[in-house]
Amino acid sequence: MNQDTLGTIFLNASLVNNFVLAYFLGICPFLGVSGKLETATRMGGAVCFVMLVSSMCAFAINKFLTAINAPYLQLISFIVVIASTVQLVEMFIKKVSPSLFRQLGIFLPLITTNCAILGLALFQTNKGYNFTQSIVYALGAGVGFTLALVLMAGIREKLELATVPQMVQGTAITLMIAGILSLSFMGFAGLGA
Amino acid sequence: MNGSRQSAGPSSTDEFIKGLWRENPVFVQVLGMCPVLAVTNSAVNALSMGLATTFVMVLSNTLVSALRNFIPKEVRIATYILIIATFVTVVDYLIQAVSLEIHRALGAFISLIVVNCLILGRAEAFASRNGVARSFLDGLGMGVGFTFALLCLGGVREIFGSGSLFGVALFPDGFQPWVVMILPSGGFFTLGVLLLLFNRLRTRQKELLAPVEGRAT
């Protein structure tokens with residue numbers, strides 16, 4: 001059993017080992033949906049929610065699979081749970097806000113293949129977190145993801161007004177900005193364990 | 001799927017070749033970025049990750065293509081993911097059996113092959129519409145192209161970051177490694193620069209080809 005305090009777990013997941021900038025998880029939506037600040041914030045919210053729900057489910061599944069001694073089913077059951085949660089969120093958003101549904105477009109179903117979520121489920125299992133710790137870890141990871149996404153979107157909105165050489169336009173410049181962001185997030189390294 | 005068989009279509013070698021350069025999954029399609037950045041801090045890691053992904057992609061492409069007429073349209077994505085997850089579990093245990101060291105270095109990223117958008121993308125965009133042989137070649141080509149891109153990135157990062165390639169030291173003792181290249185930010189920078197070079201190459205190629213195409217049409 002892991003003895004980390006809840007505060008450390010939260011800080012670790014959101015800043016020190018930021019899922020996007022330190023673990024390279026969830027790069028696809030990070031590059032894809034970070035064009036506009038508003039969409040980025042909402043995408044972050046959706047990912048946060050999916051993370052929370054799937055983290056709880058993953059915890060229960062892991063307990064069950066350990067009990068029946070079938071660890072090889074772990075990956076398959078995790079992905080099924082995540083896929084169904086995403087389906088749920090998709091239906092919910094479609095009902096509540098059709099305009100947001102259109103904005104997020106293909107990236108909404110693609111949350112299923114967002115490695116940050118499966119990564120979260122796998123990491124919390126590896127680290128042996130208990131139920132509360134798992135929830136805090138998921139929350140931290142979600143906040144960290146949203147933070148990275150929102151920062152990136154803010155920079156990219158400003159970037160539209162700047163003259164970027166044609167050769168660097170598109171993904172190349174985005175990646176370089178991500179590099180600088182990641183470099184500055186390393187400054188948090190002293191905070192956590 | 002009948003359409004592709006009736007029309008002349010690209011040859012089978014073309015299905016293989018396109019993944020290497022023209023539709024390179026990393027440099028052109030910018031898919032499957034997470035493992036590309038995460039495990040390329042050394043060339044060995046990059047190569048093993050590339051091979052594992054190729055293995056999964058070839059097998060899942062083949063199986064998806066073989067089953068394409070039996071999978072109901074509504075649950076196809078879920079089915080694809082299940083197929084992929086099964087093969088990834090196989091690969092996970094396989095790597096663990098072959099080399100524990102590599103298994104430790106790649107860590108959770110072997111399991112995360114499941115959510116590599118490239119594999120799901122190929123299953124949906126290609127394997128579900130084409131025959132078994134073609135899908136096999138497509139998977140192989142994309143896999144090799146993916147491995148090639150990973151190697152480019154892993155090679156560059158290892159040369160500058162630790163002054164070696166595949167563990168063989170390249171520089172004299174006085175060389176001070178650029179630690180930043182092994183760190184996460186180095187991965188972003190290197191991939192950014194590689195994409196930039198690739199963009200440049202492609203625009204130049206287009207400029208050279210443009211007058212020829214203009215005449216043809």
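For the protein sequence lines, the chains are A and B, in the order given. So for the first sequence, the numbering used here puts the first residue at 1; every next one is plus one. So for the second sequence, the numbering used here puts the first residue at 1; every next one is plus one. Glycine included, each C-beta is placed from N, C-alpha and C at the ideal position.
Assuming B/A38 and B/F109 are in contact, meaning their beta carbons sit under 8 Å apart, how far apart are those beta carbons, in whole angstroms? Start at 1 with the first residue of the second sequence, and residue 38 of chain B comes out as number 38. Start at 1 with the first residue of the second sequence, and residue 109 of chain B comes out as number 109. Your pair B/A38 and B/F109 checks out as a contact, with CB atoms roughly 6 Å apart and the cut at 8 Å.
Amino acids of chain B, ordered along the chain, whose beta-carbon sits closer than 7 Å to that of A/I27: Numbered from 1 along the first sequence, position 27 holds the residue referred to as residue 27 of chain A. Chain B residues near A/I27: M33, C34 and L37.
Residue from B/N41, B/P35 and B/V28 with nearest C-alpha to B/L165: Locating residue 165 of chain B in the second sequence gives position 165, counting from the first residue. Comparing Cα positions, the closest option is B/N41.
Taking only the alpha-carbon atoms, compute the straight-line gap between A/T171 and A/I155 and give it to the nearest angstrom. Here residue 171 of chain A corresponds to residue number 171 of the first sequence, with the count starting at 1. Here residue 155 of chain A corresponds to residue number 155 of the first sequence, with the count starting at 1. Here the C-alpha atom of A/T171 lies approximately 14 Å from the C-alpha atom of A/I155.
Of all the residues that make up the segment 70 to 99 of chain A, which are near chain B by a beta-carbon distance shorter than 8 Å? Going along the segment 70 to 99 of chain A in chain order, one finds Y72, L75, I76, I79, V80 and A83 with a Cβ nearer than 8 Å to chain B.
Can you find a C-beta in chain B that's less than 8 Å from the C-beta of A/S182? Within the first sequence, numbered from 1, the residue matching residue 182 of chain A stands at position 182. True, the Cβ-Cβ gap to chain B drops below 8 Å.
For B/I17, which residues in the same chain have their Cβ closer than 7 Å to its Cβ, ignoring the five residues on either side in sequence? Residue mapping note: residue 17 of chain B aligns to position 17 of the second sequence, counting from 1. Here the set comprises G141.
Return the CA-CA distance between A/G32 and A/K158, expressed in angstroms with no decimal places. For the purposes of this step, residue 32 of chain A is taken as the residue at position 32 of the first sequence. For the purposes of this step, residue 158 of chain A is taken as the residue at position 158 of the first sequence. Separation of A/G32 and A/K158 (C-alpha to C-alpha, rounded to the nearest whole angstrom) is 17 Å.
Would you check if there are 3 or more beta carbon pairs closer than 8 Å linking the segment 5 to 13 of chain A to the segment 74 to 89 of chain A? The segment 5 to 13 of chain A vs the segment 74 to 89 of chain A: no contact.
Of all the CB atoms in chain A, is at least one closer than 8 Å to the CB of B/C117? Taking the second sequence and counting its residues from 1, the one referred to as residue 117 of chain B is at position 117. It does: the Cβ of B/C117 has a partner Cβ on chain A nearer than 8 Å.
Can you grab the Cα-Cα spacing for the pair B/L201 / A/N114, in whole Å? Your numbering for residue 201 of chain B matches position 201 in the second sequence. Your numbering for residue 114 of chain A matches position 114 in the first sequence. Each residue's Cα considered, the two are about 31 Å apart.
What does the alpha-carbon distance come out to for the pair B/A97 and B/S48? Residue numbering aside, residue 97 of chain B sits at position 97 when the second sequence is read from its first letter. Residue numbering aside, residue 48 of chain B sits at position 48 when the second sequence is read from its first letter. One C-alpha to the other measures close to 14 Å.
What is the residue span of the alpha helix (DSSP H) that A/Q103 lies within? Taking the first sequence and counting its residues from 1, the one referred to as residue 103 of chain A is at position 103. Looking at the DSSP string, the run of the alpha helix (DSSP H) that includes A/Q103 is P98 to L104.
First through last residue of the alpha helix (DSSP H) which encompasses A/M176: By one-based count along the first sequence, residue 176 of chain A stands at place 176. A/M176 -> alpha helix (DSSP H) spans T171 to F185.
Quick check on A/P71: buried or exposed, where buried means 16 or more other Cβ atoms within 10 Å of its Cβ? Position 71 of the first sequence holds residue 71 of chain A. Counting the other CB atoms within 10 Å of its CB gives A/P71 a total below 16, which places it among the exposed residues.
What are the partner residues of B/A169, as DSSP defines its beta bridges? Residue mapping note: residue 169 of chain B aligns to position 169 of the second sequence, counting from 1. Looking at the DSSP output, B/A169 shares a beta bridge with B/S164.
Just the chain A side, please: which residues come within less than 7 Å of B/P184 by C-beta, in chain order? Locating residue 184 of chain B in the second sequence gives position 184, counting from the first residue. Per Cβ cutoff of 7 Å: L21, A22, F24 and S182.
Are B/L120 and B/I84 closer than 8 Å when you measure CB to CB? Mapped onto the second sequence, residue 120 of chain B falls at position 120. Mapped onto the second sequence, residue 84 of chain B falls at position 84. In this structure, B/I84 lies closer than 8 Å to B/L120 by Cβ.
Using C-beta distances below 7 Å, list every residue in its chain close to B/R134, excluding the 5 sequence neighbours before and after it, in chain order. Along the second sequence, read from residue 1 onward, the residue named residue 134 of chain B stands at position 134. Cβ neighbours of B/R134 beyond the five flanking positions: S12 and E15.
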